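Visitor:
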């Protein structure tokens, strides 16, 4: 059986396992105050070109989204997101459970449109009854989105400008950020994200770590008492070095397949994206319809029931949605550990 249903099926990058084994009996302070976490923070600040950024390590994406939303919103505010945004669609109400309302807007291939965010804000501030309404206090985006699409620099700058104009915070969910940064021709870099977002996180769980996300606050003071809130929300790991060590390894320089030096995190993302594009080309060549053009590691294919049943006997993939004509959109995801031979085997099944 071939497995393409998600990008976190495997354990962790071998370099992480080796470091964990080598340091297993080391005694360190807890809660992320150890030397490995400090090295990881320094590496992340350097990669982001943000020397004053505050960096925290949380155990997973849902915890990161809920804790950051709780941190950056005031009690009367909600967070604007796409209808397909993870915080409103696939996190079981975790943000709402913190008392923070999501304010969904239409999605455009998974993305928010800055003009529509601006219109929502203008409508709120023009409403004479607004004190009875949850105020838009932040904007949540994913990069890549739930549909594997990425924001352009112009789109990201437009959203950041809306946030500045209305005193809101911009928060990027980077659960798959390594794959978004690896997109061929993409013009959004990690320093761009650090410059334009008030908070974001660098996903580890889906990009080579056993688990863990690195939350980055770039606005001074926005992280006040976040350590305490992490504990309150069950997102603080006592053995914090377990998380920091993984990012220390992922943000080390290594030689890539082409012989050039890059962050291990970048190489991991590039591997998955290249294989996913081979997969997309193969589906197209065999006459299959792609739901949309995804430049990242997630590929969405439209299958009739017969084709879906036939492929499911040999490969696992994720259900996404039903189409109006009764077919199904399914997702095939590659990862940092996907074998090229597995892609070849899947294409042969088509």
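In the numbering used here, the protein residues as written are 350 to 699. Here a beta-carbon is modelled for each residue, glycine too, at the ideal position from N, C-alpha and C. Just so you know, these numbers come straight off a predicted model, no measurement behind them.
Is it the case that the Cβ atoms of residue 407 and residue 564 are separated by a distance below 7 Å?
Guide: The answer is yes: Cβ separation under 7 Å.
Visitor: Relative to the alpha-carbon of residue 483, which residue among 458, 642 and 445 has its alpha-carbon at the smallest distance?
Guide: The option with the nearest alpha carbon to residue 483 is 445.
Visitor: Quick check: the Cα distance between residue 502 and residue 539, rounded to an integer number of angstroms?
Guide: Cα to Cα, the separation comes out at about 11 Å.
Visitor: Hey, quick one: how far does the beta strand (DSSP E) through residue 485 stretch, first residue to last?
Guide: 484–491 is the extent of the beta strand (DSSP E) around residue 485.
Visitor: Alpha carbon to alpha carbon, what distance is there between residue 517 and residue 413?
Guide: When rounded, the distance between both Cα atoms is 19 Å.
Visitor: Using only CA atoms, which one of 617, 554, 510 and 358 lies nearest to residue 346?
Guide: Outside the displayed range of the chain (350 to 699) lies residue 346, so it cannot be described from this structure.
Visitor: Can you find a C-beta in chain C that's less than 7 Å from the C-beta of residue 571?
Guide: No chain C is present in this structure, which holds just one protein chain.
Visitor: Specify the secondary structure class of residue 453 as computed by DSSP and reduced to three states.
Guide: Strand, per DSSP.
Visitor: Return yes when the Cβ of residue 616 is within less than 7 Å of the Cβ of residue 608, no when it is not.
Guide: No, these two residues do not count as a Cβ contact at 7 Å.
Visitor: Does the pairing of the stretch 641–655 with the stretch 525–537 give three or more beta-carbon distances under 8 Å?
Guide: Contact holds: three or more Cβ-Cβ distances are below 8 Å.
Visitor: Sorted by chain position, which residues of the same chain lie with C-beta nearer than 8 Å to residue 439's C-beta, five sequence neighbours on each side aside?
Guide: Counting only Cβ-Cβ distances below 8 Å, and skipping sequence neighbours, we find 495.
Visitor: From the DSSP output, in three-state form, read off residue 358 for me.
Guide: The answer is coil: DSSP assigns residue 358 none of H, G, I, E or B.
Visitor: What is the residue span of the alpha helix (DSSP H) that residue 471 lies within?
Guide: Counting along the chain, the alpha helix (DSSP H) containing residue 471 begins and ends at 463–475.
Visitor: Applying the criterion that 16 or more other CB atoms from any shown protein chain within 10 Å of the CB defines a buried residue, is residue 434 buried or exposed?
Guide: Answer is buried; the Cβ neighbour count reaches 16.
Visitor: So is the beta-carbon of residue 518 under 6 Å away from any non-hydrogen atom of the ligand MG?
Guide: The ligand content of the structure shown is nil, which means the ligand MG is not present either.
Visitor: On the DSSP bridge list, what partners appear for residue 665?
Guide: Residue 665 pairs with 352.
Visitor: Using only alpha-carbon positions, find the residue among 679, 508, 591 and 611 that is nearest to residue 376.
Guide: Nearest option by C-alpha distance: 591.
Visitor: Within the continuous beta strand (DSSP E) that includes residue 430, where are the two ends?
Guide: 426–431 is the extent of the beta strand (DSSP E) around residue 430.
Visitor: Quick check on this structure: which residue in 471, 600, 493 and 579 has the alpha carbon closest to the alpha carbon of residue 558?
Guide: The residue with the shortest Cα to Cα distance from residue 558 is 600.
Visitor: For residue 651, which residues does DSSP report across the bridge?
Guide: 638 and 678.
Visitor: Per DSSP, residue 566 is paired with what?
Guide: Beta-bridge pairing links residue 566 to 403 and 548.
Visitor: Counting C-beta neighbours from all protein chains within 10 Å, is the total for residue 581 16 or more, i.e. buried, or is it exposed?
Guide: The residue is exposed, with fewer than 16 neighbouring Cβ atoms inside 10 Å.
Visitor: According to DSSP, simplified to helix, strand and coil, what is residue 522?
Guide: Residue state, collapsed to three classes: strand.
Visitor: Considering only DSSP beta bridges, list what residue 611 is partnered with.
Guide: DSSP output for residue 611 lists 603 as bridge partner(s).
Visitor: Is the beta carbon of residue 533 less than 7 Å from the beta carbon of residue 618?
Guide: No, these two residues do not count as a Cβ contact at 7 Å.
Visitor: Tell me where the alpha helix (DSSP H) around residue 687 begins and ends.
Guide: Run containing residue 687: none; DSSP gives neither H nor E here.
Visitor: At the level of alpha carbons, what is the spacing between residue 550 and residue 576?
Guide: When rounded, the distance between both Cα atoms is 15 Å.
Visitor: Express the C-alpha separation of residue 491 and residue 465 in angstroms, rounding to a whole number.
Guide: Roughly 17 Å between the two C-alpha positions.
Visitor: Could you tell me whether the Cβ atoms of residue 485 and residue 452 are closer together than 7 Å?
Guide: Closer than 7 Å, so yes.
Visitor: Could you name the residues of the same chain whose beta carbon sits closer than 8 Å to that of residue 598, not counting the 5 residues immediately before and after it, in chain order?
Guide: Within the same chain, residue 598 has close Cβ partners 362, 364, 365, 368 and 613.
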